[in-house]
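Worksheet: one structure, shown below.
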Amino acid sequence: MNVVKIDDLIIGEGLPKIIVPLVGQTREEILEEAKILADVACDIVEWRIDFFEEVKKATAVASFSHELKQTLQKPLLVTFRSKREGGVLELSDAAYFELYQEIIASGAVDLLDVELFMPEEAVAELVAAAHKQAIKIVMCNHDFAATPPKEEIIQRLCSMQEKGADICKIAVMPNSAADVLTLLAATEEMKRLHAKQPLITMSMADKGVISRISGQLFGSAATFGIAKKASAPGQVPANDLYTILKTLELQ
Numbered sequence: 000m001n002v003v004k005i006d007d008l009i010i011g012e013g014l015p016k017i018i019v020p021l022v023g024q025t026r027e028e029i030l031e032e033a034k035i036l037a038d039v040a041c042d043i044v045e046w047r048i049d050f051f052e053e054v055k056k057a058t059a060v061a062s063f064s065h066e067l068k069q070t071l072q073k074p075l076l077v078t079f080r081s082k083r084e085g086g087v088l089e090l091s092d093a094a095y096f097e098l099y100q101e102i103i104a105s106g107a108v109d110l111l112d113v114e115l116f117m118p119e120e121a122v123a124e125l126v127a128a129a130h131k132q133a134i135k136i137v138m139c140n141h142d143f144a145a146t147p148p149k150e151e152i153i154q155r156l157c158s159m160q161e162k163g164a165d166i167c168k169i170a171v172m173p174n175s176a177a178d179v180l181t182l183l184a185a186t187e188e189m190k191r192l193h194a195k196q197p198l199i200t201m202s203m204a205d206k207g208v209i210s211r212i213s214g215q216l217f218g219s220a221a222t223f224g225i226a227k228k229a230s231a232p233g234q235v236p237a238n239d240l241y242t243i244l245k246t247l248e249l250q
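Letter by letter, the sequence shown follows residues 0 to 250 in numbering that gives the first Met the number 0.
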């Protein structure tokens, strides 16, 4: 399996990397959150631009990413999460791709989150443009209602690889303990039999917390922790998460 390298960070080997989201609405709130991360166990910062009050101004997003990146001094993942997959704002597909193309062209970003079920041709163009700028693609899918069957989870992850993802991510909602086992079994099988790229998988909410801390065993290369405010149900405070990951570290 390939690994993803960003500066000195290697995603896909060792402990799962901790990703911490920034969900401020204003520039001031976002920079305040960013400064807090100096004292937080955090490998990658995810800027959830769907929370950003200026997100409909693509040039403003791209411009501010430079200031944010300089403040963080960490790898930056930029994410617009669509409302249908758990985000806070609806954008047309055309506006989504226009925003992302501007970020690729003039922003400061290391990784870009792209949703699996966006129009295929536009996704292919976006992936190609990102890769020309050495930006890594985290392709993703979220199900906030249920956990698909194991075979469906694996199929979606394989589809992400086929579409050029550098990292393949899926998050599902468990309605039972058995659903959590389904996600973990799918992750393990995907890693063992199909994965060419690092995986990020999680079962959400309280029932799914075990999936957020057991990635090294089952095959998830990163997990999401909280600094100030969660971006999805079931996230664990980042410093606590690091302690747990170290406790469970495979020798």
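Ideal placement from N, C-alpha and C gives every residue a C-beta, glycine not left out. This structure is a prediction, so every number in the text was calculated from the model and none was measured.
Between which residues of its own chain and residue i is the CB-CB distance below 6 Å, once the five residues before and five after are set aside?
i, result
"residue 212", "243"
"residue 90", "none"
Quick one: residues in its chain with C-beta nearer than 8 Å to the C-beta of residue i, no 5 flanking neighbours on either side, listed in chain order?
i, result
"residue 97", "57"
"residue 190", "0, 198, 217, 218"
Expressed to the nearest angstrom, what Euclidean distance is found between the alpha-carbon atoms of residue i and residue j?
i, j, result
"residue 70", "residue 177", "42 Å"
"residue 50", "residue 28", "11 Å"
"residue 125", "residue 192", "28 Å"
"residue 250", "residue 5", "24 Å"
"residue 72", "residue 209", "30 Å"
"residue 182", "residue 153", "9 Å"
"residue 18", "residue 239", "13 Å"
"residue 94", "residue 128", "16 Å"
Reducing DSSP to helix, strand and coil, say where residue i ends up.
i, result
"residue 91", "coil"
"residue 223", "strand"
"residue 238", "helix"
"residue 245", "helix"
"residue 111", "strand"
For a quick check, are the C-beta atoms of residue i and residue j less than 7 Å apart?
i, j, result
"residue 175", "residue 199", "no"
"residue 149", "residue 194", "no"
"residue 135", "residue 165", "yes"
"residue 52", "residue 20", "no"
"residue 147", "residue 109", "no"
"residue 139", "residue 120", "no"
So who's on the other strand from residue i, going by DSSP bridges?
i, result
"residue 78", "47"
"residue 199", "168"
"residue 21", "46"
"residue 136", "111"
Please find out if some non-hydrogen atom of the ligand ADP comes closer than 6 Å to the beta-carbon of residue i.
i, result
"residue 119", "For the ligand ADP, the structure offers nothing, since it holds no ligand at all."
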